[in-house]
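**Student:**
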């Protein structure tokens, strides 16, 4: 469980960095949108309007990043045994048919985020993602197929923690 808490703390650091970048982008976009130099000089001058739309989008993105960060900060590091199914908060190790491992963290938010933890690339997936839907409720040693029609791979769940 100590390792899981460290993984969550590492993910929080990653999300804080993403949030800071989004916040900086939102502030910069707001500054551009409200700059006197960007006031429309005629009806075809849309720089100020475009900057306002960008500022709105960047502010929304920053808000979403903050919500993701808060969700992970509130995530409990659950302790798993071999008989427990995969649920949100699980660290899942998959082995494909070529014996290559894939490390996944099932989180409520931030799906698709990749980060390195203890020299392993971790991929965050959510319960609503295609892979998350397949994994929820599965156990160690369960096998499944995943991928597009031309690129299906067989996986075995080797560990849940």
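Numbering (the numbering used here), first residue to last: 3 to 163. Glycine is no exception: its CB is placed at the ideal position from the N, C-alpha and C atoms.
1. Assign residue 16 to one of two classes, buried (16 or more other C-beta atoms within 10 Å of its C-beta) or exposed (fewer than that).
2. Going by the DSSP bridge assignment, what does residue 122 pair with across the sheet?
3. What does the Cβ neighbour count give for residue 122, buried or exposed, with the cut at 16 atoms within 10 Å?
4. Using C-beta distances below 8 angstroms, list every residue in its chain close to residue 14, excluding the 5 sequence neighbours before and after it, in chain order.
5. Helix, strand or coil, according to DSSP, for residue 103 in the structure here?
6. Closest by CA to residue 28, which one among 96, 40, 7 and 65?
7. Contact between the segment 90 to 109 and the segment 149 to 159 is defined here as three or more beta-carbon pairs at a separation below 8 angstroms; is this criterion met?
8. Looking only at DSSP bridge pairs, what is residue 161 linked to?
9. Tell me which same chain residues have a C-beta within less than 7 angstroms of the C-beta of residue 88, skipping the five on either side of it?
10. If you draw a straight line from the alpha carbon of residue 23 to that of residue 30, how long is it in whole angstroms?
**Tutor:** Per the coordinate set shown:
1. Taking the chain shown and counting its residues from 1, one reaches residue 16 at position 14. By the neighbour-count rule (16 or more Cβ atoms within 10 Å), residue 16 is buried.
2. Here the question's residue 122 lines up with position 120 in the chain shown. Residue 122 is bridged to 119.
3. Here the question's residue 122 lines up with position 120 in the chain shown. Label assigned to residue 122: exposed.
4. Position 12 of the chain shown, counted from the first residue, corresponds to residue 14. Closer than 8 angstroms at the Cβ level, and outside the excluded window around residue 14, lie 71, 74 and 75.
5. Numbered from 1 along the chain shown, position 101 holds the residue referred to as residue 103. Residue 103 falls in the strand class under three-state DSSP.
6. Looking up residue 28 in the chain shown gives position 26. That would be 65, whose Cα lies nearest to the Cα of residue 28.
7. yes
8. Looking up residue 161 in the chain shown gives position 159. Its beta-bridge partners are 95.
9. The sequence position of residue 88 within the chain shown is 86, counting from 1. Within the same chain, residue 88 has close Cβ partners 94, 108, 137, 138, 139, 140 and 162.
10. Position 21 of the chain shown, counted from the start, is the residue given in the question as residue 23. Position 28 of the chain shown, counted from the start, is the residue given in the question as residue 30. Cα to Cα, residue 23 sits roughly 11 angstroms from residue 30.
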